[in-house]
Amino acid sequence: MNVPPTTLEAIIQETLRRRAGGEQLEDDVVIAAHPALMPQLEMELKKLRLIAGARAEAGAATAEFGDTVIHSQEMSQEDTDSPLAEDRRPRVEVPDYELLKFLGRGGFGEVYLGRHRIHGEFSAVKIFAKRRAAELDGVRAYKQRAQQNSNLVPIEHVGELAEVYYYVMPLADDVKPRSAVRAPETYEPKSLKWCIDNLPPFAPEKVAGIGAELLEGLEALHEVGLTHSDVKPANIMAFDGRWRLGDLGLMGPSGHLSGDRGTSSFWPPEGPNDPTADLYALALSLYLLLSGGELLRFQDFVAGRDVPEGDPEKLSLLRGVIARACHEEPGQRYLSARAMRADLEVIPGRTKSHGPKTHSTRRWLLGGLVAVVLLGALALLLNGRSDTDVAIDTLSSESDTVGAERDAQVTIGHQPTHRPTNQPVPGRSSETKPGRLAGQETPGNASADSAHSDSPSADPFADLPDDPFESMVRIQPGEFWMGSPRGETGRNENEGPEHRVRLSRSFFIGQFEVTQRQYEQLMGENPSAHRNPDSPVENVSWHDAIDYCRRLSDRDGRRYRLPTEAEWEYVCRAGSTTAYAGGAELTAGSTAVPGGLPGAGPAKVGTYAANAWDVCDMHGNVWEWCQDGWDTEYYDDSPSLDPGGPDNGSLRMIRGGSWRDGATAARSASRRKLHSNSRRDDVGFRVVCEEELDHK
27 MNVPPTTLEA
37 IIQETLRRRA
47 GGEQLEDDVV
57 IAAHPALMPQ
67 LEMELKKLRL
77 IAGARAEAGA
87 ATAEFGDTVI
97 HSQEMSQEDT
107 DSPLAEDRRP
117 RVEVPDYELL
127 KFLGRGGFGE
137 VYLGRHRIHG
147 EFSAVKIFAK
157 RRAAELDGVR
167 AYKQRAQQNS
177 NLVPIEHVGE
187 LAEVYYYVMP
197 LADDVKPRSA
207 VRAPETYEPK
217 SLKWCIDNLP
227 PFAPEKVAGI
237 GAELLEGLEA
247 LHEVGLTHSD
257 VKPANIMAFD
267 GRWRLGDLGL
277 MGPSGHLSGD
287 RGTSSFWPPE
297 GPNDPTADLY
307 ALALSLYLLL
317 SGGELLRFQD
327 FVAGRDVPEG
337 DPEKLSLLRG
347 VIARACHEEP
357 GQRYLSARAM
367 RADLEVIPGR
377 TKSHGPKTHS
387 TRRWLLGGLV
397 AVVLLGALAL
407 LLNGRSDTDV
417 AIDTLSSESD
427 TVGAERDAQV
437 TIGHQPTHRP
447 TNQPVPGRSS
457 ETKPGRLAGQ
467 ETPGNASADS
477 AHSDSPSADP
487 FADLPDDPFE
497 SMVRIQPGEF
507 WMGSPRGETG
517 RNENEGPEHR
527 VRLSRSFFIG
537 QFEVTQRQYE
547 QLMGENPSAH
557 RNPDSPVENV
567 SWHDAIDYCR
577 RLSDRDGRRY
587 RLPTEAEWEY
597 VCRAGSTTAY
607 AGGAELTAGS
617 TAVPGGLPGA
627 GPAKVGTYAA
637 NAWDVCDMHG
647 NVWEWCQDGW
657 DTEYYDDSPS
667 LDPGGPDNGS
677 LRMIRGGSWR
687 DGATAARSAS
697 RRKLHSNSRR
707 DDVGFRVVCE
717 EELDHK
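Numbering (the numbering used here), first residue to last: 27 to 722.
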């Protein structure tokens, strides 16, 4: 008697085995057999469908150049059932070009090898029907953008005939510069798909370099409101010695599909309706280049169970980037090409991008600043705010950050709870002085029957006016439920199982994240990308944060360190058991705000309302480094008393979400791992000071 599998992994493996044996096993049948695992099975089976589609796409495509694998209503049955004929003749004549050879076709159009009738130069000529005229505006917009970015295939000419449109591009040559076409009859354009099919897997640093180059191209498109919607290995071509995004006819406005665009097997589950879908597809393409086309092992790769050959540290960093870009929860993915590129550029030995980097144009910069000033003025009217901080903060942003997150859908950072400047922060004593440790104690337990806190203690650092922190809050011992319950919106498996934790010692924690002013005073430099002395320091690695704590301890004779994950979540929850400290959703006083505007970045510390324990900015602003290392199974067997987390490995934990991320990333239980060497403009830290100190 066969015993049915009970674990999720075993069920998936059994499903694959039975399907490989020819059994027509539908998803609904698998789910019905395991009702208790229905949500997880639905997600895993959806991944299998995507992987199967991508594998079929990779194996079936015979046209390397511009093969969009779109099933056009105009395509004949013969076209779809048989390989593309080498001697296929064009339907029209294109001025100045003799069309020599059919290179490829999708539902959008046909691509031919063309030779100029006068000077004999070879080019690629794409022809598409006028019923697709809506795409022509995208092609023209792309043509202008490609002139400014060397990571996009340039368009040399756009033309119109009686029944069709066409455009002319340089030929995809080879990975070597100026590789000439010597024999048109044997010409084969070089794409990443060609490399996957014909070459050994690429080293992680080389994959990272290619990805960084292509992300510059996507960034340029997204900044002007275009999405590609068909990023895949067959559409990433070698031009004059560098990799560029090809099949330009598929460009369209972000969030709008024009007809049947793109290749669905490289889309995220929710479809290609925004720029993040391009990042998802590129990450999947990079994985294929790294693995040699082993799509069926993708989930094992993301989970760290299947490791390709290469340097372990570089592979770990690259896996982190790919896993985030392809995360099953859209809110957990990268929201911009620039953010993803920044993480790839951390990988040691990465092949540098060639040519000038292009960011926002001056015209777009000025227009964006005007838009933000107008939005700021509107916010002043709506909030009754009398100062001009919003407009000033926006105009003072560095020009090279403009447009960094234009394609973001949601970022975290509460709407400020505005109050007159002469009123104290709610929950704080009006006698609390800036620049001193408040010494304010907080209730200890999250449960209703917890012990109450003692009366506020005297400020142990009151005699230290030069202390770098504006305030710290004393946290009482207590117990709480750590992790997220099943069913919480946005929950990830690494947040469970939910488990009871007791912290037996009181400690002090920074009421705010460490500011740029504080960091620079101690370390002598400000590495932040978004410069403001009162904003949190960012662009710091875990090692940088540890070094800051060490120097501060040496200088002041106290023990400063990063919080453990348990301490961080305990303080973030502040006695709550909901997804956020203020409830199941972010409230009106802590609302996720639209991102992607020029000047987007972290707010000044303390801009937003404090939680019940008087600690600010735990939800959003910047991710915060914690002391703990990463262990996949740590939550399963972590100690219930004062858990310190794993202290090994190069991966460390970050908490709290950021201005760049979706709301679910800012939940109290949300946690991510990041390489300890990573420096990102949405990651900072706050510090803990241990109370067991000799203050004599």
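Backbone N, C-alpha and C fix where the C-beta goes; we use that ideal spot for every residue, glycine too. Here the structure is a predicted model, which means the values were calculated and not measured.
Comparing alpha carbon positions, the residue from Leu308, Ala592 and Lys699 closest to Gly655 is Lys699. Fewer than three Cβ pairs drawn from the segment 330 to 348 and the segment 293 to 302 lie within less than 8 Å of each other, which leaves the two stretches out of contact. Assignment of beta-bridge partners to Met263 by DSSP yields Ser217 and Arg270. Shown here, Val257 sits in coil according to DSSP, grouped into three states, outside any helix or strand.
If you compare the alpha carbons of Leu241, Lys152, Asn177 and Leu178 with that of Val184, the shortest gap goes to Lys152. As for any beta strand (DSSP E) of minimum length 3 sitting wholly inside the segment 627 to 713, the runs are 649 to 655, 677 to 681 and 697 to 701, ordered along the chain. In the structure shown, Leu225 falls within a coil segment according to DSSP collapsed to helix, strand and coil. Per DSSP, the continuous alpha helix (DSSP H) segment holding Phe327 begins and ends at Phe324 to Val328. By the beta-carbon neighbour count (other beta carbons within 10 angstroms, threshold 16), Ser530 is exposed. If you ignore the 5 residues before and after Pro196, its C-beta comes within less than 8 Å of the C-beta of Ser149, Ala150, Val179, Pro180, Glu182, Phe265 and Asp266, all in its own chain and listed in chain order. Contact annotation: Ala689 and Gly357 have beta-carbon atoms nearer than 8 Å.
DSSP places Ser149 within a strand segment (E or B) once states are collapsed to three. Ala555 carries a coil assignment under DSSP once its states are collapsed to helix, strand and coil. As far as DSSP is concerned, Tyr545 takes part in no beta bridge.
Shown here for Arg705: same chain residues with a beta carbon closer than 8 Å to its own, the five before and five after excluded, namely Val372, Pro553, Asn565, Val566, Ser567 and Asp570 in chain order. The alpha-carbon of Tyr123 is positioned some 40 Å away from that of Glu320. Going by beta carbons, Glu68 and Ile57 fall inside the 8 Å limit. Taking C-beta atoms under 8 Å as the contact rule, Gly670 and Thr590 qualify, at a distance of about 5 Å.
Selection Tyr634, Pro665 and Glu539 evaluated against Val714 yields Glu539 as nearest (Cα-Cα). Inclusion of Met508 and Glu650 in the CB contact set at 8 Å is not warranted, their separation being larger than that value. A residue is called buried when at least 16 other Cβ atoms come within 10 angstroms of its Cβ; Gly536 meets this threshold and is buried. Residue range Gly504 to Met508 is occupied by the beta strand (DSSP E) that includes Trp507. In the three-state reduction of the DSSP assignment, Cys575 falls in the helix class. With contacts defined as CB atoms closer than 8 Å, Arg367 and Arg359 fail to qualify as a contacting pair.
Proximity to Val563 across Pro121, Tyr574, Gly710 and Arg585 peaks at Gly710, based on C-alpha coordinates. With 16 or more neighbouring CB atoms inside 10 Å of its own CB, Asn647 falls in the buried class. Contact between Leu240 and Trp269 holds: their C-beta atoms lie close to 6 Å from each other, under 8 Å. In this structure, DSSP gives Cys352 a state outside helix and strand, which the three-state scheme calls coil.
Shown here, Arg528 sits in a strand according to DSSP, grouped into three states. Assigned with DSSP and collapsed to three states, Pro338 falls in helix.
Going by C-alpha positions, Tyr192 is about 34 Å away from Cys352.
Residue pairing by DSSP places Arg587 opposite Val714 in a beta bridge. Just so you know, the alpha carbons of Asp673 and Glu242 end up roughly 36 Å apart. According to the DSSP assignment, Leu139 belongs to the beta strand (DSSP E) that extends over Glu136 to His142. Residues of the same chain with a CB within less than 6 Å of the CB of Ile38, apart from the 5 flanking positions on each side, are Glu70 in chain order. DSSP places Pro230 inside the alpha helix (DSSP H), whose first and last residues are Pro230 to Glu249.
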